[in-house]
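Taking it in order: structure first as structure tokens, then the write-up.
There are 2 protein chains.
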Amino acid sequence: MNRQQYAYEYPHAAVATDCAVFGFDGQNIKILLVKRGIEPYKGLWALPGGFMRMNETTDECIRRELHEETSFLPSVIEQFAVFSAIDRDPRERVVSVAYYSLVRQSEVVGGDDASDARWFALGALPDLAFDHKEILAKALQTLREKIHFEPIGFDLMDRYFTIPDLQRLYEAILGVRFDRRNFMKKILQSGVISESNEGVAAPASRHAGRTPKSYTFNKDVYEAMKGNGRFKMEF
Amino acid sequence: MNRQQYAYEYPHAAVATDCAVFGFDGQNIKILLVKRGIEPYKGLWALPGGFMRMNETTDECIRRELHEETSFLPSVIEQFAVFSAIDRDPRERVVSVAYYSLVRQSEVVGGDDASDARWFALGALPDLAFDHKEILAKALQTLREKIHFEPIGFDLMDRYFTIPDLQRLYEAILGVRFDRRNFMKKILQSGVISESNEGVAAPASRHAGRTPKSYTFNKDVYEAMKGNGRFKMEF
DNA sequence: ATATTTTTGCGTATTATTAACACCAACTAT
DNA sequence: ATAGTTGGTGTTAATAATACGCAAAAATAT
Numbered sequence: 003m004n005r006q007q008y009a010y011e012y013p014h015a016a017v018a019t020d021c022a023v024f025g026f027d028g029q030n031i032k033i034l035l036v037k038r039g040i041e042p043y044k045g046l047w048a049l050p051g052g053f054m055r056m057n058e059t060t061d062e063c064i065r066r067e068l069h070e071e072t073s074f075l076p077s078v079i080e081q082f083a084v085f086s087a088i089d090r091d092p093r094e095r096v097v098s099v100a101y102y103s104l105v106r107q108s109e110v111v112g113g114d115d116a117s118d119a120r121w122f123a124l125g126a127l128p129d130l131a132f133d134h135k136e137i138l139a140k141a142l143q144t145l146r147e148k149i150h151f152e153p154i155g156f157d158l159m160d161r162y163f164t165i166p167d168l169q170r171l172y173e174a175i176l177g178v179r180f181d182r183r184n185f186m187k188k189i190l191q192s193g194v195i196s197e198s199n200e201g202v203a204a205p206a207s208r209h210a211g212r213t214p215k216s217y218t219f220n221k222d223v224y225e226a227m228k229g230n231g232r233f234k235m236e237f
Numbered sequence: 003m004n005r006q007q008y009a010y011e012y013p014h015a016a017v018a019t020d021c022a023v024f025g026f027d028g029q030n031i032k033i034l035l036v037k038r039g040i041e042p043y044k045g046l047w048a049l050p051g052g053f054m055r056m057n058e059t060t061d062e063c064i065r066r067e068l069h070e071e072t073s074f075l076p077s078v079i080e081q082f083a084v085f086s087a088i089d090r091d092p093r094e095r096v097v098s099v100a101y102y103s104l105v106r107q108s109e110v111v112g113g114d115d116a117s118d119a120r121w122f123a124l125g126a127l128p129d130l131a132f133d134h135k136e137i138l139a140k141a142l143q144t145l146r147e148k149i150h151f152e153p154i155g156f157d158l159m160d161r162y163f164t165i166p167d168l169q170r171l172y173e174a175i176l177g178v179r180f181d182r183r184n185f186m187k188k189i190l191q192s193g194v195i196s197e198s199n200e201g202v203a204a205p206a207s208r209h210a211g212r213t214p215k216s217y218t219f220n221k222d223v224y225e226a227m228k229g230n231g232r233f234k235m236e237f
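Residue numbers (our numbering), protein chains in the order written: chain A, 3 to 237; chain B, 3 to 237.
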């Protein structure tokens, strides 16, 4: 059987997708990486992703690859850049369509040390395959720019959360500190969250101090504020 | 000679680039289109663009194609989306990396009615080839979102311009009206422009009313404000 | 138990930014 | 000249951002 069965008049690059999956453990931003099982870069860590098939779009491709490699179907994916350096893959010319995704860490299996998918803190990244370090850096930059004028959290926080938790998320992404009381006022009067009487984290498992109230996102208000330029979280 | 000389183990999509080139004539936003000289969609208007070669990145590709089709080398291009619908090109599977660009209309030859490159007002678009109508719509949406938190104008206005001209640009892009006097204050105290004693449009060619002052962009301040989230132009 | 520490929630004074509008200046057309 | 039109400056009121003071609630220490 001929192994070179697909022929074209002009040379073609391969199209692939890669995704920077961000999670939040309540303290720090984490990134989901998978260990490569084949050459090239076998044994190194990489962003989940893979080659596009002829019967799928790039969006469908990255969702399929994420599911295959991390057993997870993300709700939010955003395409943010294309990487097309000529020698970025040693096998052949590969153009990668890059995405980022925000997920609740608890929803992704990973974590198991023996597994080939694991969360890494941004400050403790291993060496990455291909140009994935560059892709990750650009993904993080895009996320940081976006957080200024779009509410973020819905996809990273649990269904029920506290305002101090949400503040820690913003501070972790932006690398700054907010005034507790002003953050609270701002987020409350934006209307994206409202108080909930349903469960908050186990009372005993908390730190010292007063138990914070439990909140949940108003999905309608939240969605309406995406991209309309009216939400602001300065630094 | 074999016309199918490039063979691969797996099927490959072709990679192409397309660019929505925006211009401003002092009154309305215009878009630069080229008339297709070959099938498919021969004779229809399309966004400038074409297939990527093996020795160039997508950025280099779109710059080359723009130069070939419109005799213009743009200073600013931004990659904003990828279009990968399976049947978007009748010839073969094509994944298009989409860009937008902002140019001074005067710098682009086009314009000649007989030529195959022409400016069109957004309200008077012809039928477009492929999915280019969709690409253009998304480009415009991206531009409108970006204008909220990035200064825009440097690439669309002439070197010397007046504040009322700049206001008309913002109003044309956003489709809203600003208060003349507040717009002026806001743009001036942002520091992105400063007064110039050099030429403004010929005094006789103006409308009735007082002759406006001439301004020019402070390139350093302008660049610094891109993407730092500090520039705001609300509506 | 009681005091101490920690953290949350609410309020208030100060400052900065936005928004609305009155008024004068400069130019054109008649 | 006079009316009509457009550009530039200033003033004020409403709104939002910022910086804290202080008490309530819950865990920890004694």
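Ideal placement from N, C-alpha and C gives every residue a C-beta, glycine not left out.
Item	Value
Could you check the C-alpha separation between B:Tyr102 and A:Arg212 for me, to the nearest Å?	52 angstroms
Return the Cβ separation of A:Cys21 and A:Pro50 in integer angstroms, given the expectation that the two are a contact with Cβ distance under 8 angstroms.	5 angstroms
Could you spell out the range, first to last residue, of the alpha helix (DSSP H) harbouring A:Arg120?	Where A:Arg120 is concerned, there is no enclosing alpha helix (DSSP H), although the beta strand (DSSP E) it sits in stretches over Ala119 to Ala123.
Are at least three pairs of beta-carbons, each pair with one atom in the region 30-42 of chain B and one in the region 128-138 of chain B, less than 8 angstroms apart?	yes
If you count every other CB in all the chains shown that lies within 10 Å of the CB of A:Pro128, and 16 or more means buried, which is it?	exposed
Shortest alpha-carbon distance to B:His150 belongs to which of B:Val78, B:Lys228 and B:Gln7?	B:Lys228
For B:His14, count neighbouring Cβ atoms within 10 angstroms of its own Cβ and tell me buried if that reaches 16, exposed if not.	buried
Taking CB distances under 9 angstroms as the criterion, tell me whether A:Asp167 reaches chain B.	no
Please name the residue, chosen from A:Met56, A:Thr60 and A:Val78, that lies closest to A:Ile154 on a Cα-to-Cα basis.	A:Val78
Which residues in the same chain as A:Leu138 place their Cβ atom closer than 6 angstroms to its Cβ, once the five residues preceding and following it in sequence are excluded?	Ala22
Could you compute how far the alpha carbon of A:Ala18 sits from the alpha carbon of A:Asp167?	36 angstroms
Can a CB atom of chain B be found closer than 9 angstroms to the CB of A:Ala126?	no
DSSP state of A:Asp114, grouped into three classes?	With a pLDDT of 49 at A:Asp114, under the threshold of 50, the predicted position of this residue should be treated as unreliable, and no value is reported.
Cα separation between B:Arg65 and B:Leu158?	18 angstroms
Please report how far the alpha carbon of B:Phe24 lies from the alpha carbon of A:Glu70, in whole angstroms.	41 angstroms
Using a Cβ-Cβ cut-off of 9 angstroms, state whether B:Gln29 counts as contacting chain A.	no
What residues of chain B sit near A:Arg5, judged by a beta carbon separation below 8 angstroms?	Glu11
Grouping DSSP H, G and I as helix and E and B as strand, with all else coil, what is B:Glu136?	helix
Name, in chain order, the residues that DSSP records as bridge partners for A:Glu147.	Paired residues: none, contrary to the question.
How many angstroms separate the CA atom of A:Asp181 from the CA atom of B:Ala174?	39 angstroms
Near A:Val194, what residues of its chain come up, given a Cβ to Cβ distance below 7 angstroms and the 5 sequence neighbours on each side ignored?	Pro153, Phe219, Asn220, Val223, Tyr224 and Met227
Closer than 7 angstroms, Cβ to any Cβ of chain A: which residues of the region 65-98 of chain B, in chain order?	Gln81, Ala83, Val84, Ser86, Ala87, Ile88, Arg95 and Val97
Using a 10 Å radius around the Cβ and a threshold of 16 neighbouring Cβ atoms, would you call A:Val84 buried or exposed?	buried
In terms of alpha-carbon separation, which member of B:Lys188, B:Arg232 and B:Val99 lies closest to B:Ala87?	B:Val99
Please report the distance separating the alpha-carbon of B:Leu34 from that of B:Lys187.	33 angstroms
Note down, in chain order, every chain B residue with its Cβ under 8 angstroms from the Cβ of A:Tyr8.	Ala9, Tyr10, Glu11, Tyr12, Pro13 and His14
Classify B:Leu178: buried if its beta carbon has 16 or more other beta carbons within 10 angstroms, exposed otherwise.	Checking the sequence, you will find Val at residue 178 of chain B rather than Leu. That one is exposed.
Residues in the region 150-164 of chain B with C-beta within 9 angstroms of chain A's C-beta atoms, listed in sequence order?	His150 and Phe151
Under 7 angstroms Cβ to Cβ from B:Val96, same chain only, skipping five residues before and after it: list those, please.	Ala15, Ala16, Ala18 and Arg90
Hey, is A:Asn220's beta-carbon within less than 9 angstroms of any beta-carbon in chain B?	no
Could you tell me how far apart the beta carbons of A:Trp47 and A:Lys37 are, in whole angstroms, since I believe they sit closer than 8 angstroms?	6 angstroms
Bridge partners of A:Ser73, per DSSP?	A:Ser73 is not bridged to any residue.
In whole angstroms, what is the alpha-carbon distance linking B:Phe82 and A:Glu147?	15 angstroms
With a 10 Å radius around its C-beta and 16 neighbouring C-beta atoms as the bar for buried, classify A:Pro92 as buried or exposed.	exposed
Hey, could you find the ends of the alpha helix (DSSP H) B:Ser216 is sitting in?	Note, B:Ser216: premise wrong, no alpha helix (DSSP H); beta strand (DSSP E) at Ser216 to Phe219.
How about B:Thr213: is its C-beta nearer than 9 angstroms to some C-beta of chain A?	no
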